[in-house]
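Numbering (the numbering used here), first residue to last: 3 to 138. Read through the structure below, which is laid out as structure tokens, and then see the notes.
See below:
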């Protein structure tokens, strides 16, 4: 997995929270995969395809694992993407995953995990909202 400086992970966290300016900056400065991951998590097929075509299958697998795809979790395990496994588990509010990240000095990914959990909750709420247009 590509290594990300702490400031990039912090910026990604801001993008997850909806900061479009930072999202655009990440996309224009070599971190498009992080934003594509956000969109892949929201089931945008174009983003999922982009991740595969641009050699970031680990990010697609992480999004799929968050979405309960156990085969994606096994793929991450086979390819030793331990941090992404724990990140996906944190997105589902798994406390053991948070402890693992803490033990392995992955503080920024702990913050991202909490933000992803809120993001996933919002995505699921929006999907079930009968007042929201299904065409957005």
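Virtual Cβ for every residue (Gly too), placed ideally from N, Cα, C. Being a predicted model, the structure only gives us computed values, none of them experimental.
Of the other Cβ atoms in all chains shown, 16 or more fall within 10 Å of the Cβ of residue 90; this residue is therefore buried.
Setting aside the 5 residues that flank it on each side, residue 75 is surrounded in the same chain by 67, each with a C-beta closer than 6 Å to its C-beta; the list follows chain order. The distance from the Cβ of residue 125 to that of residue 43 is about 7 Å, consistent with a contact at the 8 Å cut-off. With a minimum length of 4 residues, the unbroken runs of alpha helix (DSSP H) contained wholly in the region 33-110 fall at 34-43, 47-55, 59-68, 72-80, 84-93 and 97-105.
Within its own chain, the residues whose Cβ lies closer than 8 Å to the Cβ of residue 98, once the five positions on either side in sequence are excluded, are 91, listed in chain order.
Following the DSSP letters along the chain, one finds residue 19 in no alpha helix (DSSP H), marked with neither H nor E. The beta carbon of residue 19 is closer than 7 Å to those of 117 in its chain, skipping five residues each way along the sequence. Residue 124 sits in a helix when the DSSP states are folded into three classes.
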